[in-house]
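This report concerns only the one structure given below.
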Amino acid sequence: MYYDPIKKSLGEVFNRTPWLRQLFYHLLDLLLLRTWHVHRELRQWSKGRTGEALNILDAGSGYGQYTYWLSGLSRKWQILAVDVKDDQVADSNRFFRQIGRTNAQFAVQDLVLYQQPNSFDLALSVDVMEHILEDVEVFRNIHASLKDGGMLLISTPSDQGGSDVHSDGETSFIEEHVRDGYNIHEIQQKLRTAGFERIEAQYSYGEPGQVSWRLSMKYPILMLGKSRLFFLLLPFYYLLTFPFCLLLNWFDANSKHESGTGLIVKAWK
């Protein structure tokens, strides 16, 4: 199924006022397991750096929830958030101006073409690379855009059932994906080809995370794909499932996984 129309509908609901959008961000932080893993890595990276004037690239910013979170950690950090969708970029710029977050700017850019040499201390790519066919070109552009010692943090589906694909005969749950997931060695090799030398990769979405993902994301998306009337039922659905999903997310984010449907990858220039 196509996920973008559902995301657009959600955006229209929560973009009505700044406080609704902030509520939306907080809900995403709790519900989306990838956010738990990404925030953990960002907290580790940010230790001792909140007083420094740093430049950050949010490569494929989407709703802007990671830029929002990072811009709140330090006002000394300057964040450039880029995305190919004009409407999301315009909405995000308007929202950030409304709440006075002047250390973040959104711009329309194609990651396959975008490069700003030696400019960023950190680049973030969360659930983006599975949408881009020319992934090595993107990795090369990000490598060139990082300063020496800069880090790229990636969250993406793995080939161990990412995109809810578990066999050769299945198709991706999200039809916008151009690949079902990365092999853990494949993505490391592609990053080396792009110029990165030090790379660390680990699985996310182990067994607890996979159950949480189905409850918190897959089933609600399937329901909304059938009818927008399910928007009315969502609060009651999450009232029942939300506590269980939080517990599962905590276990997944605080465990090491021999395999998983997601990958967290860090690469340094």
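Under the working numbering, the final residue of the sequence shown carries the number 512; numbering is consecutive throughout.
Think of the CB as a built atom: it goes at the ideal place given N, C-alpha and C, for glycine as much as any other residue.
Small disclaimer: the values here were computed from a predicted structure and weren't measured.
Within the model, the alpha-carbon separation for Val379 versus Thr260 is close to 39 Å. From the listed residues Asn346, Trp279 and Leu297, the smallest Cα separation to Leu389 is found for Leu297.
Within the same chain, Cβ atoms closer than 7 Å to the Cβ of Arg383 are found at Ala437 and Gly438, the five residues on either side in sequence being excluded.
A residue is called buried once 16 or more other Cβ atoms fall within 10 Å of its Cβ, and Ser502, having fewer, is exposed. Three or more beta-carbon pairs separated by less than 8 Å are not found between the segment 460–478 and the segment 424–433, which leaves the two stretches without contact. Boundaries of the beta strand (DSSP E) around Leu506: Gly505 to Trp511.
Within the segment 271–319, the complete alpha helix (DSSP H) runs of at least 4 residues fall at 276–289 and 308–316. Here Arg441 is bridged, per DSSP, to Trp511.
DSSP places Gln348 in the strand class (E or B) of the three-state scheme. Beta-bridge annotation (DSSP): Phe363 is paired with Leu389. Scanning its chain for C-beta atoms nearer than 8 Å, with the 5 sequence neighbours on each side dropped, one finds around Leu489 the residues Leu273, in chain order.
Residue pairing for Gln321: DSSP places it in a beta bridge opposite Asn298.
Three or more beta-carbon pairs separated by less than 8 Å are not found between the segment 356–374 and the segment 334–344, which leaves the two stretches without contact. In the three-state scheme derived from DSSP, where H, G and I count as helix and E and B as strand, Asp402 is classed as coil. For the options Asp402, Asn258 and Lys469, the alpha carbon positioned closest to that of Ile507 is the one of Asp402. DSSP places Gln453 inside the alpha helix (DSSP H), whose first and last residues are Glu450 to Trp456.
For the pair Ala510 and Arg283, the CB atoms are not nearer than the 8 Å cut-off. For Ile342, no alpha helix (DSSP H) encloses it, and the DSSP letter there is neither H nor E.
Cβ contact annotation for Ile430 (same chain, cutoff 7 Å, sequence separation greater than five): Ala444, Leu506 and Val508, in chain order.
An exposed status is given to Ala350, since fewer than 16 other beta-carbon atoms sit within 10 Å of its beta-carbon.
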